[in-house]
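Worksheet for the structure shown next.
Protein chains in written order, with the UniProt record's numbering: chain A, 1 to 201; chain B, 1 to 201; chain C, 1 to 201.
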């Protein structure tokens, strides 16, 4: 029950970030709702399609679809207020990141994938929705170009969770530190402006 | 038999619209054929992958692949004439919209999805191909940005069909009014220039 | 064993081409690694998802994931040297093209698809990764717009392999000439500057 609530919260934060991009790129109401939905659920869909867990859980439970629609509509009406909450959204997003990284990696590991692909799919769960969002909004995906530390904390937390699963550690014992690592690292990166390297030119 | 012909006609109209975008964006012959194919069949592929109905029917029956190739080649050679038939193509497209919305929603419902996800997947069947088309052609998808009433009639028709299925109504009794609703609404929107709302700035 | 090595080599060349695009578009380290991975493996993933062969083999064997990561890191550090090897990379890429076209078509045919869809999926194996690469890098996919002879040799080689499979010819007897046809045609097209037609305007 707690996990479901956390999951829905994470999806809601991602959905609002997607809807805000749609508003900024001057999309219409359909653009806002579609971007909210793919940003909230798209990463999990890519993971579930690749590990053959279809239909994805979020298509079989209408509550998972309700969250991005509500998030999209709220953003459609109240986007000026939400833009002012930019910092707060980034903080919630960091919690969603840790949750999705670990949940995605464990789901892949439970389907028999080894730690390397499971870590990759944990990262895909985190960044896949944002990739689709930015491609549909007509911009190069932020996560690939900004140099922000976003995908790296995600893949490292996913790897920790996947290795713990491989070593048969108790799930809570693995999941909570791994999620805390991802979220904490991301929050520190935001606060201190840490960046990932870019190629020398 | 009638349904197969209607289905192939709908795919053909979508394929021509995809090929016309390719010509306008100055793609080469491969670009024209790829955009014709993904516009005609891509929405159904996304739906089938998400509901685990793979390989998609349109990959197991070569007639489904022949239609976009023929549509693409005709557009490659005769695009000036086809541009002049813009209004006619929009009208045929509205019929394809109603057909795909209802067929997509019913297919998802038959695979055990509830009315909310089935309505979503009916809309995906309609707009998925155009989303891929526009992303590959290097433009923001028209359906997300134009404010045209396109996805909304599709999702409403899909929802009507999915609810009818849930209530065990006879298929024809559900499918025909739902498709007529989508197509009629779309045609009226074209004629009267009705639009969807965009966020206030 | 030989086939595994050839496969990994082909993936490595594709991965380097993806990473070079990322460097040119000024993406960060995550952009370089993501583009290397999707360019090397993405075409096969699309094929495997469409024929319901999930999880894809390249997600179940960590060596397939290691190759794009190494290719991406090498490109990240040594891209000036790799740009100077442009001609050499194009030649290796032509060998990867022949290999992927035939391997992709045969895999689809073994899953029961007829020669027409199998040829299409052979081409998808070849160009799918580059399509995702270019969309993520914010440019119109080269293979759709450049007029280069790339997809046409691929689909013809795939078709030859798929027809041979349909006629129960011994695999080696079919695969080697089909791959040689694709690779040779591609190499001749590079050397002589042959192009595909574009629509008249």
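We put the beta carbon where it would ideally sit given N, CA and C, even for glycine. If you're wondering where the values come from, they're calculated on a predicted model, not measured in any experiment.
Check: From A/2, A/1 and A/19, residue whose alpha carbon lies closest to that of residue 198 of chain B; Outcome: A/19
Check: Nearest to residue 22 of chain C (by Cα), restricted to the options C/155, C/39 and C/159; Outcome: C/39
Check: Buried/exposed call for residue 86 of chain A, threshold 16 Cβ in 10 Å; Outcome: exposed
Check: Alpha-carbon to alpha-carbon, residue 155 of chain A and residue 175 of chain B; Outcome: 46 Å
Check: Rounded C-alpha distance that separates residue 99 of chain B from residue 37 of chain B; Outcome: 18 Å
Check: Check whether residue 129 of chain A and residue 42 of chain A have beta carbons under 7 Å apart; Outcome: yes
Check: Any chain A beta carbon closer than 7 Å to residue 52 of chain B; Outcome: yes
Check: Nearest-angstrom Cβ-Cβ length linking residue 122 of chain B and residue 162 of chain B, presumed shorter than 8 Å; Outcome: 7 Å
Check: Against chain C: residues of the UniProt domain "Glycine transporter" (91 to 163) of chain B by CB proximity under 8 Å; Outcome: 135, 136, 137 and 138
Check: Within the stretch 157 to 197 of chain B, ranges of the alpha helix (DSSP H) (whole runs, at least 4 residues); Outcome: 171 to 192
Check: Extent of the continuous alpha helix (DSSP H) to which residue 115 of chain A belongs; Outcome: 115 to 136
Check: Interface flag, residue 5 of chain C vs chain A, CB-CB below 7 Å; Outcome: no
Check: Beta-carbon proximity check, residue 151 of chain B vs residue 132 of chain B, cutoff 7 Å; Outcome: no
Check: Within 7 Å, strictly: CB atoms of residue 105 of chain B and residue 158 of chain B; Outcome: yes
Check: Where residue 193 of chain C falls, given that 16 or more other Cβ within 10 Å makes a residue buried; Outcome: exposed
Check: 8 Å Cβ cut-off: residues of chain C touching residue 56 of chain A; Outcome: Under the 8 Å cutoff, chain C gives no residues; its nearest Cβ is about 13 Å from residue 56 of chain A.
Check: Closest by C-alpha distance to residue 79 of chain A, when choosing among A/196, A/59, A/26 and A/136; Outcome: A/26
Check: Of the listed residues B/138, B/184, B/187 and B/29, nearest to residue 200 of chain C (C-alpha basis); Outcome: B/29
Check: Residue-chain proximity (residue 34 of chain A, chain B), Cβ-Cβ < 7 Å; Outcome: yes
Check: Contacts around residue 96 of chain B, its chain only, beta-carbon distance under 7 Å, and the 5 residues preceding and following it disregarded; Outcome: 10, 13 and 14
Check: Chain-ordered chain C contacts of residue 16 of chain A [CB-CB under 8 Å]; Outcome: In chain order: nothing, as chain C lies at least about 23 Å away.
Check: Cβ neighbours of residue 69 of chain B in the same chain (closer than 8 Å, five flanking residues each side left out); Outcome: 33, 36 and 37
Check: Rounded separation between residue 196 of chain A and residue 135 of chain B - CA only; Outcome: 28 Å
Check: Residue burial classification, residue 72 of chain A (beta-carbon count within 10 angstroms, cutoff 16); Outcome: buried
Check: Per-residue burial, residue 120 of chain B [other beta carbons within 10 Å of its own, 16 or more giving buried]; Outcome: buried
Check: Nearest-angstrom Cβ-Cβ length linking residue 65 of chain B and residue 75 of chain B, presumed shorter than 8 Å; Outcome: Not confirmed; about 16 Å, so no contact.
Check: Delimiting residues of the alpha helix (DSSP H) encompassing residue 107 of chain A; Outcome: 86 to 110
Check: DSSP-derived helix/strand/coil call for residue 60 of chain B; Outcome: helix
Check: Neighbour-count burial assignment, residue 186 of chain B, 16 or more Cβ in a 10 Å radius; Outcome: buried
Check: Selection from C/164, C/77 and C/2 that minimises the alpha carbon distance to residue 118 of chain C; Outcome: C/164
Check: Limits of the unbroken alpha helix (DSSP H) element including residue 39 of chain A; Outcome: 29 to 50
Check: Residues near residue 172 of chain A by beta carbon distance below 8 Å, same chain, minus five either side; Outcome: none
Check: is_contact[residue 62 of chain C, chain A] using C-beta, thresh 7 Å; Outcome: yes
Check: Beta-carbon contacts of residue 56 of chain C that lie in its chain and below 8 Å, excluding the five residues immediately before and after; Outcome: 41, 44, 45, 48 and 49
Check: Spatial distance of residue 167 of chain C from residue 137 of chain C (CA atoms); Outcome: 41 Å
Check: Residue 149 of chain B classed as buried or exposed, judged by whether at least 16 other C-beta atoms fall within 10 angstroms; Outcome: buried
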